[in-house]
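Comments concern the structure below.
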Amino acid sequence: MSPRMESLPDALVHTILLSYMNNARDVAICNCVSKCWKDVMPYISRLYFPRNCFDNLSGSDSPDEIVLRMVSSIERLEELVVYSPFSGAGLSSWLSVMGSSLRQLELRMDNLTEQQGCLESPFKLDCISFAKNLESLKLWGVRSVSIDLQYLELCKLDFYGFGNCSFSMNSPKIEVLEVQGCSWIRVRGTEYLKNLSIANNAGRVYMVDFGKLVALEFLSIRGVQWCWDAICNMLQWASEVKHLFMKVEFTGDFEVLQPFPEFDFVEFFNNHPKLQKFDIHGAMFAALCQKNSLKRINRGFVIPCLEEVAITIRSPLNAEQKMSTLESFLKFGKYLKTMTIKILQMKSNHSSADDFFDEICRFRYMNRKIVRIE
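Positions 1 to 374 (the UniProt record's numbering) are the ones given, in order, by the sequence shown.
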């Protein structure tokens with residue numbers, strides 16, 4: 001160690017190391033620098049294994065054994081991030097050693113060394129229950145999984161494969177949940193859930209089961225195809241939502257791709273009275289613009305809280321109904337501050353697309369303090 005480092009007080013060296021040291025390679029190197037540095041290592045709280053951590057491994061120890069040795073040497077590890085390859089048995093051994101102290105866990109599951117076997121038999125994550133005090137869990141490349149963690153507040157899951165996976169959860173303190181690539185979702189204990197995002201860009205969303213989402217403030221539903229019942233249930237449970245993002249291309253059960261049935265404009269906003277920010281895309285906006293959806297509007301109707309709306313339009317079809325819906329947002333959204341209209345890949349073999357775009361530009365000019373075009 002350099003003379004300058006030797007001259008620093010031990011307490012300052014300890015503070016620097018504990019504040020900035022989390023990469024497993026750096027921790028291993030520090031063990032060889034000096035006794036002072038080595039004595040600090042058992043008190044680090046975070047440990048990160050990058051993806052290429054064991055690329056040039058020499059010696060007889062496996063990556064699983066090295067990780068186990070390092071986590072076993074730490075008094076109270078609170079955060080573990082593993083992007084490097086590991087086995088299911090290795091994960092189980094780590095969590096059994098440090099499970100009670102762990103608060104944050106992040107794993108890249110598509111690096112599992114027995115991945116080929118997992119393709120036939122989805123990898124079980126029962127060992128995560130060893131980390132019973134987890135508050136944050138992030139799993140990338142996971143397959144079907146069940147989570148039962150009583151203190152979990154944040155969970156982000158990215159499912160591996162073609163999207164036909166299942167997920168169940170019972171975590172009564174969950175506040176933030178993001179699920180990507182899952183088809184069957186069941187979640188219990190949603191009393192404190194504030195932020196929910198469900199997306200499936202590779203497959204279909206067949207079933208969602210949440211129950212009433214009384215605390216939900218943000219909901220995002222995205223994907224190529226959602227079953228209509230799944231969409232209806234989510235919108236019904238999320239009646240208190242403040243920010244809603246909807247981008248789904250098709251509905252229909254199983255293999256059949258179908259357009260969306262009609263949304264009733266008045267019923268939709270009456271059922272979501274706290275909605276402040278609304279982002280709706282393509283086919284779902286078209287469903288809101290069907291010719292019957294505005295028939296029930298009367299003088300007493302108002303959209304009470306809406307401040308921002310972003311609309312993506314991809315087709316000139318039913319241009320008259322779409323313009324009428326855009327005008328209704330301004331007419332009944334008494335507190336509307338911003339409307340963003342996004343024109344995306346609009347294609348047509350005749351002049352209807354140009355005519356529709358001219359109408360939108362005219363609409364923007366007449367309401368230029370609120371409306372803008374992207």
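The C-beta atom is built at its ideal place from N, Cα and C for all residues, glycine as well.
All values reported here derive from a predicted model rather than from experimental measurement.
Beta-carbon proximity check, residue i vs residue j, cutoff 7 Å
i, j, result
"F329", "F301", "no"
"R296", "V266", "yes"
"Q345", "R314", "yes"
"A287", "F268", "no"
"F263", "W237", "no"
"D64", "F86", "yes"
"L134", "L105", "yes"
"N271", "S239", "yes"
"L275", "L306", "yes"
"S166", "S136", "no"
"N164", "S183", "yes"
"L157", "V176", "no"
"M98", "V81", "no"
"E75", "Y43", "yes"
"K342", "E308", "no"
Three-state secondary structure assigned by DSSP to residue i
i, result
"K322", "helix"
"V97", "helix"
"E114", "Residue placement at E114 cannot be trusted, given a pLDDT of 49 that sits under 50; what the coordinates show is reported in the next sentence. Coil."
"I174", "coil"
"Y206", "coil"
"N353", "One point to set straight first is that residue 353 is Ala, not Asn, in the sequence displayed. Helix at A353."
"S146", "strand"
"I370", "coil"
"E75", "coil"
"K331", "helix"
"N363", "The amino acid at residue 363 is misidentified as Asn; the sequence shows Phe. DSSP places F363 in helix when its eight states are reduced to three."
"S121", "Residue confidence for S121 is low, a pLDDT of 41 falling below 50, so the modelled location carries little weight; the figure read from the coordinates is stated next. In this structure, S121 counts as coil in the three-state DSSP scheme."
"A89", "helix"
"M1", "Confidence is the limiting factor: at M1 the pLDDT is only 49, short of 50, which leaves the residue's position unreliable and the question unanswerable from this model."
"V214", "coil"
"M55", "Checking the sequence, you will find Asp at residue 55 rather than Met. If DSSP states are grouped into helix, strand and coil, D55 belongs with coil."
"V40", "helix"
"D253", "coil"
Range of the contiguous alpha helix (DSSP H) that encloses residue i
i, result
"M70", "63-72"
"E267", "265-270"
"D282", "The question names Asp, but residue 282 in the sequence shown is Gly. G282 -> alpha helix (DSSP H) spans 282-288."
"N233", "228-237"
Exposure label - residue i; buried when at least 16 CB within 10 Å
i, result
"R368", "exposed"
"R51", "exposed"
"F162", "exposed"
"F356", "buried"
"E374", "exposed"
"K334", "exposed"
"C232", "exposed"
"K322", "buried"
"Y160", "buried"
"R204", "buried"
"W228", "exposed"
"A230", "buried"
"R299", "exposed"
Element boundaries [beta strand (DSSP E), containing residue i]
i, result
"E79", "79-82"
"M246", "243-250"
"I341", "338-343"
"C305", "C305 -> no beta strand (DSSP E), and no H or E assigned at all."
"D158", "154-159"
"F130", "It is not in any beta strand (DSSP E) - F130 carries neither H nor E in the DSSP assignment."
"R186", "184-188"
"F49", "46-49"
"Q104", "104-108"
heavy atom of the ligand MG below 6 Å from residue i C-beta
i, result
"I280", "Among the ligands in the structure shown, none appear at all, so the ligand MG cannot be discussed."
Neighbour flag for residue i against chain C, beta carbons, 7 Å
i, result
"I198", "Absent from the structure: chain C. Only one protein chain is present."
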